[in-house]
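Throughout, my numbering is defined as the position within the sequence shown, counted from one, plus 2. Idealized CB from N, CA, C, for every residue including glycine. All values derive from a computational prediction rather than experimental measurement. Presented below is the structure to which this report refers.
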Amino acid sequence: MNKISIRAARNKDVRPIRRILAPYAKKKIVLPRTAVEITRHVRNFCVAEKDGEIIGCCAFRDYGNNLFEIRSLAVNARNAGSGIGSRLVEFLIREIASRGKVKIFALTTSPGFFQRFGFKTVEKDMFPQKIWHDCSKCPKLNDCDEEALLLEP
Ligand SMILES: CC(C)(COP(=O)(O)OP(=O)(O)OC[C@H]1O[C@@H](n2cnc3c(N)ncnc32)[C@H](O)[C@@H]1OP(=O)(O)O)[C@@H](O)C(=O)NCCC(=O)NCCS
Numbered sequence: 003m004n005k006i007s008i009r010a011a012r013n014k015d016v017r018p019i020r021r022i023l024a025p026y027a028k029k030k031i032v033l034p035r036t037a038v039e040i041t042r043h044v045r046n047f048c049v050a051e052k053d054g055e056i057i058g059c060c061a062f063r064d065y066g067n068n069l070f071e072i073r074s075l076a077v078n079a080r081n082a083g084s085g086i087g088s089r090l091v092e093f094l095i096r097e098i099a100s101r102g103k104v105k106i107f108a109l110t111t112s113p114g115f116f117q118r119f120g121f122k123t124v125e126k127d128m129f130p131q132k133i134w135h136d137c138s139k140c141p142k143l144n145d146c147d148e149e150a151l152l153l154e155p
């Protein structure tokens, strides 16, 4: 059976999530996430599962004031290009939008991927200072090539 399900993550998914993110973190495409961090925020992750194997993940972060970030999006290379990344993002957009009038942003080197869902490129300085806290952990700190995109679903 090759059915792929998208569902909220559980504690048992922490190690597989870490495995999916690790190669992309190494290439500096996503921020590195430790098992402790993933465990702490596991309720904010969703995963794609195929035949019992976790093959993709995505997370959101709640910054308060109805501002949310979509982050830690990755699909393992073997399963890329078959719509899983889109389904993960759509799952979280629905989850976040169910909370009311929200703003959802992404910081990404793949703006084209996010524009497919209606995200628009915006100036980075429109966001509150607190969203930049994680930049201190980013290896590209002084050489940032990410764009900010915003969706108001
Ligand atoms: C980006 C990523 C999650 C996409 O997942 P995926 O399952 O391959 O994506 P999908 O199959 O849903 O792609 C849907 C469409 O988006 C396009 N797309 C995929 N990656 C893209 C990118 N980086 N930029 C622009 N478009 C992209 C696909 O070509 C496809 O278009 P089509 O429907 O016209 O064929 C995956 O390539 C990945 O894990 N990349 C490494 C980590 C990363 O870049 N994360 C995002 C940074 S925040």
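Check: Applying the criterion that 16 or more other CB atoms from any shown protein chain within 10 Å of the CB defines a buried residue, is T123 buried or exposed?
Finding: Exposed is the call here.
Next item on the list: Could you tell me if the beta carbon of F115 falls within a distance shorter than 8 Å of some heavy atom in ligand 1?
Entry: yes
Note to self: Considering Cα atoms alone, identify which of N81, L23, L33 and A37 is closest to D136.
What the structure shows: L33
Next item on the list: Just mark N4 as buried or exposed, buried being the case when its beta carbon has 16 or more other beta carbons within 10 Å.
Entry: Exposed, since its Cβ has fewer than 16 Cβ neighbours within 10 Å.
Next item on the list: Give the DSSP-derived three-state secondary structure of F47 in the structure shown.
Entry: strand
Item checked: Other residues of its chain near F47: CB distance less than 8 Å, five sequence neighbours each side excluded -> A10, A11, D15, I19, I40, C59, C60, A61 and S74
Checklist line | Any non-hydrogen atom of ligand 1 within 8 Å of L94 CB | finding: no
Next item on the list: Please name the residue in E55, I72, F129 and V49 whose C-alpha comes closest to that of S112.
Entry: I72
Check: How close, in whole Å, do the beta carbons of K52 and I6 come, if the pair is a contact with beta carbons under 8 Å?
Finding: 5 Å
Next item on the list: Indicate, with yes or no, if ligand 1 has a heavy atom lying under 8 Å from the CB of S112.
Entry: yes
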